[in-house]
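Numbering (the working numbering), first residue to last: 203 to 592. We put the CB at the ideal spot given by N, CA and C, even for glycine.
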Amino acid sequence: MIQKLSKLIYYKPFVYSAWFGLSFLIVLKEILNHQGFNNYTIFKYNFLHTLHQQNLYAAYPEHYYDLNHYGPIFSIIFAPFTFFPDYVGIMLWVMFNAFVLFKAIQLLPLKENQYLIVLLICAHELMTASAHVQSNPLVAGLIILSFNFINKKQDFWAALMIALGTFIKLYGIVGLAFFFFSDNKLKFIASFIFWSVVMFVLPMLISSPAFIVQTYRDWYVDLKGKNLQNEGSIMQDICVMGFFRKVLNYPGLKNTVVIIPAMTLFALSYLRINCFKSTPYRLLILASALIFAVIFSSGSESPTYIIAFAGVGIWFMNLNRPVTGFEIFLLVLAIILTTLSPSDLFPRSIRETYVLPYKLKSLPCFLIWLKIVYETLSRNFVKPETKAAL
């Protein structure tokens, strides 16, 4: 039985079908049920409003509810999808996001076909993001691609991935965590400045310089206001700060009280300079950065966790030794609380009474992140390790 299961999880047609199929089917179901796709409409009007030089961050209740929070460069990225009928564009957008993250994970420096297990671990979380037609799989893919390019000493393209991710949704800035792995740091800095200028200027090609400059000012104000609005929100603030605010019954807990110690812990991982060239060490930093970006952001919502869960999958397949019972427990806890809790497979009463109010979706990822930090400080990256056992 175990041997058959092992063959199945390494069987590419099965894994690829699960990865793309789950996302395709969930969106197709919503389309056939004539459900509205508010996020897609927001993305579409990001392009149209840039084109017609209308405030990207104002309310447009005649078109969609909620507000746009994406940078103007997103209008260029999304433009091709607006030329299709909406339902076709929705499907293409979801598959594009899934493909970018798929390719990023496939290119990781893991042993043999271990990337297939990462895909399986993340497939359900990808479906959650796809059901909301979110851009988070794209952002996760850009972060991982920036790591892959630096790992291959292609700093110019790594800088593009980081700049693009940052100018889309800010989460991409965590790609700078891989700066210390660059062999040519001056080239990396120059490349990042170059691509940042390109990202800043590019939307002007479909708009105007004055409008885009003003748009970046508006974006800053919008993000600042959104951060204040997120604190205490039921569907957002799914982060460590939100967890502590509820558990401690202290709604006034400032984000910085949690983030500053977290950043200090993250920085401690870089003390082992002699490990910078170790691939397992680098992969741990990648996993840590992906999880950190989500669990310490008050803007995190359920579909955002595809970014963090990619980090969970990478961590688990980067153990390169027999897996301990505690590590299996952490993964199972993450699958149950983080991945399955928003779905119909999870008891609704428990979700609404405990998981949502207490932001429990963030808890397993937080525990895994702490485990990763501990590993970066204590693990022997010089001694050859055996292949991870499943």
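Exposure label - residue i; buried when at least 16 CB within 10 Å
i: Gly454; result: exposed
i: Thr526; result: exposed
i: Leu347; result: buried
i: Phe285; result: exposed
i: Asp385; result: exposed
i: Phe528; result: exposed
i: Gln316; result: buried
i: Glu327; result: buried
i: Ser551; result: exposed
i: His334; result: buried
i: Met465; result: exposed
i: Phe518; result: buried
i: Ala306; result: buried
i: Phe445; result: buried
Proximity below 7 angstroms, CB of residue i to CB of residue j
i: Phe383; j: Arg484; result: yes
i: Leu492; j: Thr578; result: no
i: Leu309; j: Asn350; result: yes
i: Ser188; j: Ile497; result: The chain is shown only over 203 to 592; residue 188 falls outside these bounds and no answer can be derived.
i: Ser277; j: Asn241; result: no
i: Pro463; j: Pro274; result: no
i: Ala342; j: Ile574; result: no
i: Leu224; j: Ala325; result: yes
i: Asp439; j: Ser500; result: yes
i: Leu562; j: Leu539; result: yes
i: Pro505; j: Asn338; result: yes
i: Val296; j: Ser332; result: yes
i: Leu312; j: Val217; result: no
i: Val460; j: Val442; result: yes
i: Ile211; j: Met329; result: no
Reduced DSSP category for residue i - H, G, I as helix; E, B as strand; rest coil
i: Pro524; result: strand
i: Val174; result: Residue 174 is absent from the model: the chain starts at 203 and stops at 592.
i: Val584; result: coil
i: Val320; result: helix
i: Val496; result: helix
i: Gln336; result: coil
i: Tyr213; result: coil
i: Ala300; result: helix
i: Lys305; result: helix
i: Asp424; result: helix
i: Met329; result: helix
i: Ala220; result: helix
i: Asp357; result: helix
i: Lys448; result: helix
i: Ile275; result: helix
i: Phe286; result: coil
i: His251; result: helix
i: Leu310; result: coil
Nearest-angstrom Cβ-Cβ length linking residue i and residue j, presumed shorter than 8 angstroms
i: Phe583; j: Cys477; result: 5 angstroms
i: His265; j: Leu258; result: Not quite, the Cβ-Cβ distance comes to about 12 angstroms (not below 8 angstroms), so this is no contact.
i: Trp397; j: Leu362; result: 5 angstroms
i: Phe468; j: Phe494; result: 6 angstroms
i: Gly515; j: Ile323; result: 4 angstroms
i: Ile292; j: Ile370; result: Contact doesn't hold; Cβ gap of about 18 angstroms is too wide.
Cβ pair count under 8 angstroms reaching 3, the stretch 533–545 against the stretch 565–574: yes
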